[in-house]
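Colleague: Here's a structure for you.
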Amino acid sequence: MALEKQITYDNGTTASRHRIDGLPVRYQQGEGAEVTATLYSYLNANTRGSAARAPVTTTGITMGLFESQSNGNLREAMYTEIKSLPKWANAADC
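Residue numbers (our numbering): -15 to 78.
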């Protein structure tokens, strides 16, 4: 799974394909758990699959981890969380 949305970054580069790579979970006694998704952004689907596979940028997105998510598909939950952010509104699954 990945997200399709055209986003222009501060350096003027535009990326349209975004995928999660890595979901480390951190637990602190008394505070619960949180998960951070590293979202890799590529110019388009073709550059994502190229030999270089170099992302335009990476973004860390953190959210609290709830019991219902810890037993389910964490990657899918993170994509849903990302799409709820204003910057990622109307992003399409691909």
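The C-beta atom is built at its ideal place from N, Cα and C for all residues, glycine as well. Computed from a predicted structure; not experimentally measured.
Three Cβ pairs or more, each shorter than 8 Å: is that satisfied between the stretch 8 to 23 and the stretch 39 to 49?
Modeller: Counting Cβ pairs under 8 Å, three or more are found: they touch.
Colleague: Rounding to the nearest angstrom, what Cα-Cα distance links Gln13 and Leu49 in this structure?
Modeller: Cα to Cα, the separation comes out at about 13 Å.
Colleague: Nearest by alpha-carbon distance to Val9: which of Asp77, Ile66, Ala73, Arg59 is it?
Modeller: Per the Cα distances, Arg59.
Colleague: Taking only the alpha-carbon atoms, compute the straight-line gap between Ala29 and Glu15 and give it to the nearest angstrom.
Modeller: Approximately 38 Å between the Cα atoms of the pair.
Colleague: Is the beta carbon of Tyr11 closer than 8 Å to that of Val40?
Modeller: For Val40 and Tyr11, no; Cβs fall outside 8 Å.
Colleague: Taking the CB atoms as reference points, tell me whether Arg1 and Ala(-14) lie closer together than 8 Å.
Modeller: Cβ distance < 8 Å, so Arg1 and Ala(-14) count as in contact.
Colleague: Taking the alpha carbon of Thr(-2) as the point to measure from, which residue in Lys(-11), Asp5, Gly6, Ile4 has its own alpha carbon closest?
Modeller: The candidate whose alpha carbon is nearest that of Thr(-2) is Lys(-11).
Colleague: How big is the Cα-Cα spacing for Ala6 and Met62?
Modeller: The amino acid occupying residue 6 in the given sequence is Gly; Ala does not appear at that position. Looking at the two C-alpha atoms, the distance is approximately 11 Å.
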